[in-house]
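Report on one structure; see the data block that follows.
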Amino acid sequence: MQRKLNIVSLFDGISCGRVAIERAGYAVSSYVAFEIDKYARAISRFNYPDIEHYGDVMEADFNKFAGYDMVMGGSPCTFWSIARANREVDKDGIGWKLFMKFVEAVRIIKPRFFFYENVASMPSTIRDFISEEFGCKPIMINSALVSAQQRKRLYWTNITDVTQPNDKGILLRDIIDSGVSYVEKSHCMTARYGGAEIKNSLSRGQRTMIFEPVTLKDESNTLCALFYKENAKSLITRKKHGLIVAEEVGAALRTRSDENGKFKRLEVRGDGKLNALTTVQTDSVVCSPVRVGQIGKGGQGSRIYSVHGKTISLMSNGGGRGAKTGLYKIDLPDGDYTIRKLTPIEAERCQTLPDNYTAFGVDIHGNTVNISNSQRYKTIGNGWTVDVIAHIFRGIGGDF
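The following block contains the structure:
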């Protein structure tokens, strides 16, 4: 009879390791979690009330867990990721100090098994330092083999004979509830997915979004035609006599900025007027044909784009056509579309988590609380692809 595992999990997040160990077919006797994010801990408490929660790993005393079967964890990758400017490349940074707490745990606890994960884009110097500490080299596994997400990660472990998982052939279109995906696999889910914009997806290869077909209906919920005004260069929808009518739109090409720097954005008026003419030509323009309308106030996710023929052309900054750079062709079926983020459930599926795993939490007072979408995206992005970890854990075997 297989005995139950005693596990210490550092940088535990939402306890993806617990999901994985059980999905691999093992029972858990004791699961100790070190995590500082209150939302991640709340989600973990809701799904696994028996987990013994601790706080900051930097203040941990590992002696009380001596002899536990496994130490697992993945210290924050932000310090070593290629996405970080001036990332750490040596042993004198915060990232290395956090990693060494994992090493300390292994040395003190002396578990039968250890398992450590981190980003594949880390500097080669850091990768080699980690391999030297563990006395073994990592295996790189892309989550794309078992999920709808591209996510390359390095895994160090003394679990023997770890192989590449079989390709399950899961595509993004297989896990979304509605809409059309323009890529076969989602870009890597990150903690910042909640801020997804179409410019991220198209020009930066991150924060994948979905194209949602637009169905136009009148007040009686009956399908109705979209009427285009003759010779209109760009169109916007409004109700008229119970039908959706398309009209010309005045606009301006504005320079805006965000945390990633300056970018051009096409800003469309909703009152049927042109902007005042100025000495700056782009202050008053008529939109180009790609964007054909908007729903509601026309914010992110409410703009309508039309497919002419077999492709849709979009600006990477989220506006319509007309600039000289940043124009991308995307193959989509004919029709009109809005562009949306993945839902939290779809993001969970990218990480092979159960649906609505992150929807609820238990606070420090024992009350069940709803978790906001922004926190759901963050904790999902910081988590592990469960089926990859379960694949590795199946190598533990029955005799330990």
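Here the working numbering is used: the first residue of the sequence shown is 2, the next is one more, and so on. For every residue, glycine included, the Cβ atom is placed at its ideal position computed from N, Cα and C.
Residues of its chain near residue i, where Cβ-Cβ distance is below 6 Å and the 5 sequence neighbours each way are ignored
i: M123; result: W81
i: W385; result: C17
i: G136; result: none
i: L155; result: N119, A121, P139 and M141
i: N374; result: P345
i: K311; result: With a pLDDT of only 47 at K311, under the threshold of 50, the placement of this residue in the model should not be trusted, and no figure is reported.
Straight-line Cα distance separating residue j from residue i
i: I176; j: F116; result: 29 Å
i: I114; j: D51; result: Note on identity: in this sequence residue 114 is Phe, with Ile being the wrong assignment. F114 and D51: Cα-Cα distance of roughly 22 Å.
i: G96; j: S76; result: 7 Å
i: I171; j: V72; result: 30 Å
i: N87; j: I127; result: 14 Å
i: H366; j: K39; result: 12 Å
i: S202; j: R208; result: 5 Å
i: K277; j: R255; result: At residue 277 the sequence reads Ala, which differs from the Lys that was named. The straight-line gap from Cα to Cα measures roughly 14 Å.
i: Y194; j: I160; result: 32 Å
i: R85; j: C189; result: 15 Å
i: A106; j: F63; result: 6 Å
i: A61; j: K102; result: 9 Å
i: F35; j: G26; result: 23 Å
i: T164; j: V389; result: 11 Å
i: P214; j: Y378; result: 24 Å
i: R4; j: A28; result: 8 Å
i: I211; j: G68; result: 48 Å
i: D168; j: T158; result: 22 Å
Range of the contiguous beta strand (DSSP E) that encloses residue i
i: Y358; result: Element bounds for Y358: n/a, residue is neither H nor E.
i: V107; result: First-last for V107: I95 to I110, but that is the alpha helix (DSSP H), not the beta strand (DSSP E).
i: H392; result: Note, H392: premise wrong, no beta strand (DSSP E); alpha helix (DSSP H) at V387 to F394.
i: G18; result: G18 -> not in any beta strand (DSSP E); alpha helix (DSSP H) instead, spanning C17 to R24.
i: I211; result: M210 to P214
i: E118; result: F114 to V120
i: I8; result: L6 to L11
i: N371; result: T369 to N371
i: S82; result: Counting along the chain, S82 falls outside any beta strand (DSSP E), and DSSP gives it neither H nor E.
i: A197; result: It is not in any beta strand (DSSP E) - A197 carries neither H nor E in the DSSP assignment.
i: E60; result: That residue, E60, is in no beta strand (DSSP E); it is neither H nor E in DSSP.
Cβ-Cβ separation, residue j to residue i (assumed contact under 8 Å), whole Å
i: T380; j: G74; result: Not quite, the Cβ-Cβ distance comes to about 16 Å (not below 8 Å), so this is no contact.
i: D129; j: T344; result: The Cβ separation is near 40 Å, so there is no contact.
i: V9; j: I109; result: At roughly 10 Å, the Cβ-Cβ gap does not stay under 8 Å, so V9 and I109 are not in contact.
i: G56; j: I83; result: Not quite, the Cβ-Cβ distance comes to about 30 Å (not below 8 Å), so this is no contact.
i: I44; j: G362; result: 5 Å
i: T353; j: S148; result: 5 Å
i: V387; j: R24; result: 6 Å
Chain-order list of residues whose beta-carbon lies under 8 Å from that of residue i (same chain, five-residue window excluded)
i: P355; result: V20 and E349
Own chain partners of residue i with C-beta closer than 7 Å, once the 5 adjacent residues on each side are dropped
i: V104; result: E134
Endpoints, the alpha helix (DSSP H) within which residue i is located
i: S45; result: K39 to N48
i: Y378; result: N374 to G382
i: H188; result: Counting along the chain, H188 falls outside any alpha helix (DSSP H), and DSSP gives it neither H nor E.
i: A348; result: P345 to C351
Residue i at chain D interface by Cβ criterion, 8 Å
i: A67; result: In the displayed structure, chain D is absent; only one protein chain is listed.
Complete alpha helix (DSSP H) runs within the region 131-183 (minimum length 4 residues, chain order) | Runs of the alpha helix (DSSP H) inside the region 131-183: 173-176.
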